[in-house]
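Participant: In the numbering used here, the protein residues as written are 246 to 663.
Right, I'll just put the structure down here and ask away after.
Put into C-alpha cells, the structure is as follows:
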C-alpha cells in the first residue's frame, strides 16, 4: 500500500471512529413492496455494543429553481439504497434568498402514486418542534425518526411549506413523479388531495440512516447521464440505481449506500446547469454522512460546449476534485467519458479533447480505480458512436439497457479501493 493510500485509510478510520462516538443518534421508517414503518424491538447486548454511524441512503443535488407558491404541500418520492434505523432528512434552502418555513413534515411509504401504505405516515420533528424555519442559504436536519427503514424502499416525504418567496431550492429532473397541492395535506395518507403531479424534487436533498460503522456509501458525482436522462421515469433505472441493487445483493462488501448527485447539463469547471462540480463538491458529496467513495463521472458538457476547454483544463479540474476528496479521507473512482458522435455539438476538436481526457483517466494513476464506461458503451464498428443497443435516441444518453450495462461494468471491490 502506498504512503498516500495509507494516510487516506487512516483518515477514514479516524473519521469513522469520531462519527461512531460523536455522531447523532438516528432512526427510520421502512419496508419494501408492502413495507411499513415500525418501532424497533429491544436490541440485544451485542447489537447495543456495536458501533454505529449515520450513512446517506438517498441524495439529489440541490439547484436553483423558479419561484414557488407561499402555501403549498409537496409529496416527494425517493428510493432508499442502504437500510438502517433512525432516519433523518435534510431540507435545503441553499439557493433561496428568503427564509422558508416547513410548517409540517411527514415520512411514510408509497403504496401507489401519491397514496401511502396505511399507517406508515409519521410526523418528523426538528429540535423537538413540529415546524422549522430555514434561513436563506442554509440547510437543516430533522430529528431521528425511531424505527427501521429497509433498503430499496419507496420512501415518501410530505412537506407543508409556508412563506416561500423568490427562488426555491430543488432538483429539476427527478425522473420520478412527485405531487403537490395547495394548502396543508402533509399528514394525509390518501391520494385524493394531491392534484398536481410534477417531475422535480423540492427542498429535500438527502436522507440518511444509522447503521453499522463498518458500512458506507458511494456518491456518484455527474451530469445528465448520472441524473438518469433517457431512463424510464418512475422505474429507478438510472445507472446508480442499478449499482445500488448490485451492492445490496452482494455479500462481503462494506459499501452499501448510493447517493446520486448528478445534475443534467452540469460541468466540472463552469457554473451553468447547477454549480460546477468543483463548486458543489463540499455540499453535495463531502458533507454527506458515511461516504466511503466518490465516483467521478463528468466532463462531456465541458468538452462539447466548445468554450475553449483543453485536456489540461479538464485534468486540473479532475485533480482538484481528487485531491479534495482524498484530503477528506475518501476513495475516488473515475469513469471515462462516453462517446457522443451524432449529438449535434459533436466535432473532431471536441472528440480530440475527449480522447485526451480518457487517456489521462485510464493511465495517470491519479484515481484509486477506473471504470471504462467508454469501452463498455461504444460501437465496435465506430468507437466514436454509442452502441445502438444502448442509445437512448440522441447518441449521447444511454437507455435503460445502457444504464444497466454501465452499472454492471463497475467492479464493486473498486468502491473500497483505498
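Beta carbons: idealized from backbone N, C-alpha and C, even for Gly.
Could you check if residue 421 belongs to the surroundings of the ligand SAM, using beta carbon to heavy atom distance under 7 Å?
Facilitator: The ligand SAM is absent from the structure shown, which contains no ligand whatsoever.
Participant: Can you tell me whether DSSP reads residue 347 as helix, strand or coil?
Facilitator: Correct three-state label for residue 347: strand.
Participant: In this structure, does DSSP put residue 421 in helix, strand or coil?
Facilitator: Three-state DSSP puts residue 421 in coil, outside helix and strand.
Participant: Okay, do the segment 313-322 and the segment 460-473 touch, 3+ Cβ pairs below 8 Å being the bar?
Facilitator: With a cut-off of 8 Å, the segment 460-473 and the segment 313-322 do not count as touching, because too few Cβ pairs lie within range.
Participant: Select from 405, 385, 341 the residue whose C-alpha is nearest the C-alpha of residue 368.
Facilitator: Minimum Cα distance to residue 368 is reached at 405.
Participant: To the nearest angstrom, report how far apart residue 333 and residue 594 are at their CA atoms.
Facilitator: So the two alpha carbons sit approximately 47 Å from each other.
Participant: Starting from residue 614, trace the beta strand (DSSP E) both ways and give me its first and last residue.
Facilitator: That run of the beta strand (DSSP E) goes 614-616.
Participant: Could you tell me whether the segment 568-578 touches the segment 333-345, using the rule of 3 or more Cβ pairs below 8 Å?
Facilitator: The answer is no - the segment 333-345 does not touch the segment 568-578, with fewer than three Cβ pairs under 8 Å.
Participant: Am I right that residue 339 and residue 384 are in contact with their C-beta atoms under 8 Å? What's the rounded C-beta distance?
Facilitator: Confirmed, Cβ separation roughly 6 Å.
Participant: Take the Cβ of residue 278 as the centre, count every other Cβ of all protein chains shown within 10 Å, and call the residue buried at 16 or more, exposed below.
Facilitator: With a pLDDT of only 33 at residue 278, under 50, the local geometry of the prediction cannot be trusted, and no value is derived from it.
Participant: Rounding to the nearest angstrom, what Cα-Cα distance links residue 581 and residue 640 in this structure?
Facilitator: Each residue's alpha carbon lies about 16 Å from the other.
Participant: Cβ atoms of residue 661 and residue 500: under 8 Å apart, would you say?
Facilitator: Yes, they are a contact pair.
Participant: So, for residue 650: in the same chain, excluding its five sequence neighbours on each side, which residues have a beta-carbon less than 7 Å away from its beta-carbon?
Facilitator: Closer than 7 Å at Cβ, skipping near neighbours: 621, 622, 635.
Participant: Skipping 5 residues on each side, what residues in its chain have a beta carbon closer than 7 Å to that of residue 646?
Facilitator: Excluding residues within five positions, the ones whose Cβ falls inside 7 Å are 634, 635.
Participant: First and last residue of the alpha helix (DSSP H) that includes residue 501?
Facilitator: Careful: residue 501 lies outside any alpha helix (DSSP H), inside the beta strand (DSSP E) at 500-507.
Participant: Using a Cβ distance threshold of 8 Å, determine whether the segment 525-538 contacts the segment 486-505, with at least three qualifying pairs required.
Facilitator: Verdict: yes, contact present.
Participant: Jot down the residue ranges of each uninterrupted beta strand (DSSP E) in the segment 573-609, minimum 3 residues, whole runs only, in chain order.
Facilitator: Within the segment 573-609, the complete beta strand (DSSP E) runs of at least 3 residues are 576-580.
Participant: May I have the straight-line CA-CA distance separating residue 372 from residue 463, to the nearest angstrom?
Facilitator: Their backbone Cα atoms lie some 29 Å apart in a straight line.
Participant: Cα separation between residue 414 and residue 608?
Facilitator: Roughly 39 Å between the two C-alpha positions.
Participant: Opposite residue 650 in the DSSP bridges: which residues?
Facilitator: Looking at the DSSP assignment, residue 650 forms no beta bridge with any residue, so it has no partner.
Participant: Across the segment 297-315 and the segment 473-485, are there enough close Cβ pairs to call them in contact, namely three or more that are closer than 8 Å?
Facilitator: No, because fewer than three Cβ pairs between the segment 297-315 and the segment 473-485 fall closer than 8 Å, the two stretches do not touch.
Participant: Nearest by alpha-carbon distance to residue 408: which of 393, 490, 379 is it?
Facilitator: With distances taken between Cα atoms, residue 408 lies closest to 379.
Participant: Which same chain residues end up closer than 7 Å to residue 632 when comparing Cβ atoms and leaving out the 5 residues on each side of it in sequence?
Facilitator: Closer than 7 Å at Cβ, skipping near neighbours: 622, 623, 624.
Participant: On the DSSP bridge list, what partners appear for residue 374?
Facilitator: Note: residue 374 sits in a beta bridge opposite 371.
Participant: In terms of DSSP beta bridges, what is residue 316 paired with?
Facilitator: 407, per the DSSP bridge assignment.
Participant: Could you give the first and the last residue of the continuous alpha helix (DSSP H) run that contains residue 547?
Facilitator: Element bounds for residue 547: 545-549.
Participant: Which of helix, strand or coil does DSSP assign to residue 512?
Facilitator: Coil, per DSSP.
Participant: Within 10 angstroms of the Cβ of residue 555, are there 16 or more other Cβ atoms? Answer buried if so, exposed if not.
Facilitator: Answer is exposed; the Cβ neighbour count stays below 16.
Participant: Going by C-alpha to C-alpha distance, which of 389, 362, 429 sits closest to residue 349?
Facilitator: Taking only the C-alpha atoms, the option nearest residue 349 is 429.
Participant: Under the DSSP definition of a beta bridge, which residues are partnered with residue 297?
Facilitator: Note: residue 297 sits in a beta bridge opposite 457.
Participant: Using DSSP with H/G/I as helix, E/B as strand and the rest coil, what is residue 447?
Facilitator: In the structure shown, residue 447 sits in a strand (DSSP, three-state: E or B).
Participant: Can residue 325 and residue 386 be called in contact, C-beta distance under 8 Å?
Facilitator: Cβ atoms of residue 325 and residue 386: not closer than 8 Å.
Participant: Would you kindly work out how many angstroms separate the C-alpha atoms of residue 653 and residue 303, rounded to a whole number?
Facilitator: Spanning the two alpha carbons is a distance of roughly 20 Å.
Participant: Indicate the three-state DSSP secondary structure (helix, strand or coil) for residue 658 in the structure shown.
Facilitator: The answer is helix: DSSP assigns residue 658 an H, G or I state.
Participant: Based on DSSP bridge pairs, tell me the residues matched to residue 399.
Facilitator: In DSSP, residue 399 forms a bridge with 324.
Participant: Output yes or no for whether 8 Å exceeds the beta carbon distance between residue 426 and residue 450.
Facilitator: The answer is no: Cβ separation not under 8 Å.
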